[in-house]
């Protein structure tokens, strides 16, 4: 059973309307409809809140819907990659500031080398994401 069908079945068993669920989760009724018709998926936070509302485990909700599990994995990977990109950009900023204020030639060469390595690392990371 796919997650949309499971969500609709659980909502009906609890005798809740889409409006009631939407109000509880602070989303629109259309969002609930989209989830139940498998046009979109809830994020992991909302999945947890749905399991609390419907009194079932997260495993019971997600089991059998491989597309949903894959979607959650991809979302998690994007968040991790975004954090790595932010860290890399911050490191580049620190290296550039250090390069601007350095007065010793050999230290400038070290900073340039580190900056180039970091840029290459960010480039590879972005290619890996795409």
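In the working numbering, the protein residues as written are 31 to 160.
Glycine residues also receive a C-beta, built at the ideal position from the N, C-alpha and C atoms.
With a beta-carbon spacing of about 18 Å, residue 32 and residue 48 fall beyond the 8 Å limit used to define contacts.
Per DSSP, the continuous alpha helix (DSSP H) segment holding residue 107 begins and ends at 96-131. If you draw a straight line from the Cα of residue 81 to the Cα of residue 71, it is about 14 Å long. Residue 91 holds the alpha-carbon nearest to the alpha-carbon of residue 74 among 85, 91, 144, 68. Close CB contacts of residue 44 within its chain, under the 7 Å cut and outside five residues either way in sequence, are with 84 (chain order).
Distance from residue 119 to residue 144 at the Cβ level is roughly 14 Å; contact not present, criterion being Cβ atoms closer than 8 Å.
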